[in-house]
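Each step along the sequence shown adds one to the number in full-length UniProt numbering, with nothing skipped, and position 83 is 83.
Just so it is clear, CB atoms sit at the ideal spot from N, CA and C, and this is done for glycine as well.
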Amino acid sequence: MRFQPELQALAPWVAAFGITPQTRISTPNGTREARDLRIGDMVETRDHGPQPVTNVREAFAAPSERNHYPVRIAKGALGFGIPHADLNVGPQHRVLFEHIRVPLMFGTDAALVRAKSLAVSHPDVKVTRTDMPVSYIQISLEEQGVIFAEGVPIETILPEGECDLDYMTLRSWELMAAVA
Numbered sequence: 001m002r003f004q005p006e007l008q009a010l011a012p013w014v015a016a017f018g019i020t021p022q023t024r025i026s027t028p029n030g031t032r033e034a035r036d037l038r039i040g041d042m043v044e045t046r047d048h049g050p051q052p053v054t055n056v057r058e059a060f061a062a063p064s065e066r067n068h069y070p071v072r073i074a075k076g077a078l079g080f081g082i083p084h085a086d087l088n089v090g091p092q093h094r095v096l097f098e099h100i101r102v103p104l105m106f107g108t109d110a111a112l113v114r115a116k117s118l119a120v121s122h123p124d125v126k127v128t129r130t131d132m133p134v135s136y137i138q139i140s141l142e143e144q145g146v147i148f149a150e151g152v153p154i155e156t157i158l159p160e161g162e163c164d165l166d167y168m169t170l171r172s173w174e175l176m177a178a179v180a
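The following block contains the structure:
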């Protein structure tokens with residue numbers, strides 16, 4: 001089975017995680033849209049090279065669920081041409097944030113930041129109001145990792161729909177301090 005929409009019934013908050021279906025994911029053979037990934041397909045990870053996809057799920061957020069509105073990270077908003085194209089993610093989905101001040105302030109090379117927190121500190125990152133349901137694709141690997149969506153390092157989802165990477169997670173105010 002490609003998608004497991006029943007996950008939404010088990011954990012409604014999971015709809016706040018994921019990427020939109022047309023998002024391009026880095027694979028060893030180039031990029032592929034998230035909606036075209038299948039179990040067993042290989043994706044590039046930041047820390048462990050190519051890894052097989054173990055699950056691909058689709059979660060839906062209704063327009064009335066304001067806390068689930070997508071966050072749009074405009075092309076180039078994170079610097080150095082990243083993302084390569086506009087990237088739409090769930091508000092709770094975390095991006096691996098690398099900035100010159102992160103090591104100085106937090107003693108680590110990179111930190112995870114929720115997409116909605118990026119909207120507070122970056123002018124080209126915005127929460128997008130919608131009147132239509134939003135579909136989010138959630139990608140799982142055997143072990144949670146960091147993959148590349150439109151060139152942006154983002155977390156994958158654990159099979160249970162949770163997230164648990166060993167990177168520090170910055171809160172909104174910490175992110176503001178890092179980029180100020």
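Residue i, DSSP secondary structure in three states
i	result
proline 153	strand
phenylalanine 60	strand
leucine 104	helix
arginine 24	strand
alanine 16	helix
arginine 35	helix
arginine 46	coil
arginine 66	helix
alanine 111	strand
isoleucine 82	coil
glycine 145	coil
lysine 126	strand
Per DSSP, cross-strand counterpart(s) of residue i
i	result
asparagine 55	Ser140
glycine 30	Thr27
The beta strand (DSSP E) enclosing residue i, as first and last residue numbers
i	result
alanine 115	Alanine 115 -> not in any beta strand (DSSP E); alpha helix (DSSP H) instead, spanning 115-121.
asparagine 88	87-89
isoleucine 73	71-73
phenylalanine 97	94-97
Residue j beta carbon less than 8 Å from that of residue i
i	j	result
histidine 99	glutamate 150	no
leucine 37	isoleucine 25	yes
alanine 16	asparagine 67	yes
isoleucine 137	threonine 156	no
arginine 94	isoleucine 147	no
leucine 112	leucine 87	no
lysine 116	valine 71	yes
glycine 145	aspartate 47	yes
Specify whether the region 52-66 and the region 115-123 touch according to this definition: at least 3 beta carbon pairs, one from each stretch, less than 8 Å apart. no
Does the region 71-87 come within contact of the region 55-62, defined as at least 3 CB pairs closer than 8 Å? no
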